[in-house]
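Input: a single structure, listed below in structure tokens.
In my numbering, the protein residues as written are -2 to 525.
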């Protein structure tokens, strides 16, 4: 990709903008002081290995497919399709849920309650603003990422500083005894919020989809992950201290908790409270725009392999951006928002849909860890950056984060006892199962016309034993992947769905003729 390129500073700021989801700071604070125990534990046992794994994968497989491409290389098409489905499903629900925060925050800082028609109009403007910006080239949107990162750090500094001042002058709003900092495993409601903390760590892999817009991705990605990860962990903790200083946990709003905290400490009409409220809304816009680039790229890339519906593969003739995916996201998020008309603003069904976005995002990361293990074991290509895990330490470093993801998902959607609070999870569990079943149908339908499924690292193992060839930088066979037959090559030339394992040369495989036919945008010959 020619034109403007990201500098290292731009990459670091994009990491902060994408990963630091400031709207999730309030739900994490709802755990009370025990959140700091979980922050510390999960930083060591999840964030650290997850960041190092992403750094190695992002510099070794620097394609626009990101997370999806890594899973496909390691586990093959079937698991890659499941990964891309879960990764995509969460996004329109997430966008819609953040859109619903706008009327509440506006009311909090202005004192004016918006009617449903006006609130819907504001929410739809947010959704389609994100959608339209997602259609612009990533390198031209660096001002959004840079600005979003700076504003998020500003909000955190304000909340933390004002919180410390407020606590010193008025005392903490919550019990600060040592026992409150230790987990109570009998409190199942508190365990439910663990998924929120893990959710707050997600997004490093999004930056890997920006490689074509970076000056030096091999060096910049690991540096940005380390610097950004440390910064993000620090600001989350500072933000938690500020919120906990001012707002009792029992009274904390999960939507506007940060704005409410500043309002309690300074007054709802204080100029700084208004400023924090306004810039908080701006960060929601910046965060979703940054995430949209990664999610749309993954969905489009998966569709080109026949692992997502064909509509997602459509790209702009002018910019090459995955506009098909962006428009699908905007349409579905809008449809979800319009459910407020028949169901009401406070409908349980309405908010149930939003609750599942966290679950599906976490699900999409689970196969990344076994995929990494298989790629490390079977793929001989050189690593620009290598995570410092080998042998048994590698097994532990990959198993622990995967287990934490599974346990947090279970705690979020599975009733852990017969209490009314736990039984209220049943609709979420049912909804999750239904959407997973829909994903399986989509996977089977989307792959129709594909000559064969790419098995991933399994093919590398088989062919390596038979003396398979490594891939050179211009194409050729995959590392350990056999070349396609003459019939398969003929199928490419006819524009059929490219058989899995026949990615572009930049992905370490042969460039499908269907991609060549489609032009430099890399689609199946379809452009908007």
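Heads up, the beta-carbon is just placed ideally off N, CA and C, and yes, glycines get one too.
Cβ neighbours of residue i in the same chain (closer than 8 Å, five flanking residues each side left out)
| i | result |
| --- | --- |
| residue 380 | 53, 56 and 57 |
| residue 288 | 15, 88, 91, 200 and 203 |
| residue 389 | none |
| residue 256 | 102, 105, 106, 270, 273, 274 and 277 |
Buried/exposed call for residue i, threshold 16 Cβ in 10 Å
| i | result |
| --- | --- |
| residue 535 | One cannot answer for residue 535 here, as it falls past the ends of the chain, which runs -2 to 525. |
| residue 98 | buried |
| residue 445 | exposed |
| residue 182 | exposed |
| residue 303 | buried |
| residue 140 | exposed |
| residue 189 | buried |
| residue 195 | buried |
| residue 333 | buried |
| residue 441 | exposed |
| residue 276 | buried |
| residue 363 | buried |
| residue 427 | exposed |
| residue 108 | exposed |
| residue 218 | buried |
| residue 49 | buried |
| residue 410 | buried |
| residue 319 | buried |
| residue 8 | buried |
Top-ranked residue by Cα proximity to residue i, from the options
| i | options | result |
| --- | --- | --- |
| residue 103 | 91, 120 and 87 | 120 |
| residue 165 | 92, 124, 242 and 180 | 242 |
| residue 355 | 282, 255 and 402 | 402 |
| residue 35 | 110, 49, 191 and 11 | 191 |
| residue 220 | 438, 433, 365 and 12 | 12 |
| residue 385 | 447, 377 and 373 | 373 |
| residue 60 | 376, 398, 432 and 291 | 291 |
| residue 159 | 439, 32 and 258 | 258 |
| residue 340 | 113, 96, 39 and 439 | 113 |
| residue 278 | 106, 47, 410 and 429 | 106 |
| residue 161 | 238, 434, 273 and 449 | 238 |
| residue 359 | 338, 399, 329 and 395 | 399 |
| residue 281 | 96, 27 and 43 | 96 |
| residue 33 | 316, 178, 377 and 264 | 178 |
| residue 130 | 45, 111, 312 and 283 | 283 |
| residue 151 | 173, 235, 349 and 407 | 235 |
Residues near residue i by beta carbon distance below 7 Å, same chain, minus five either side
| i | result |
| --- | --- |
| residue 197 | 18, 21, 25 and 233 |
| residue 412 | 419, 420, 422 and 423 |
| residue 554 | No answer is possible for residue 554: it lies beyond the span of the chain, which begins at -2 and ends at 525. |
| residue 117 | 334 and 337 |
Cutoff 6 Å; reference residue i; Cβ partners in own chain excluding five residues on either side
| i | result |
| --- | --- |
| residue 200 | 15 and 16 |
| residue 163 | 242, 243 and 262 |
| residue 361 | 80, 83 and 84 |
| residue 306 | 443 |
| residue 71 | 368, 371, 372, 453 and 454 |
Length of the line joining the Cα atoms of residue i and residue j
| i | j | result |
| --- | --- | --- |
| residue 436 | residue 133 | 28 Å |
| residue 527 | residue 153 | Lying outside -2 to 525, the shown extent of the chain, residue 527 is not represented and no answer is given. |
| residue 271 | residue 314 | 42 Å |
| residue 228 | residue 100 | 30 Å |
| residue 324 | residue 180 | 43 Å |
| residue 299 | residue 62 | 7 Å |
| residue 425 | residue 157 | 34 Å |
| residue 393 | residue 368 | 15 Å |
| residue 352 | residue 93 | 11 Å |
| residue 327 | residue 168 | 45 Å |
| residue 383 | residue 268 | 48 Å |
| residue 224 | residue 230 | 10 Å |
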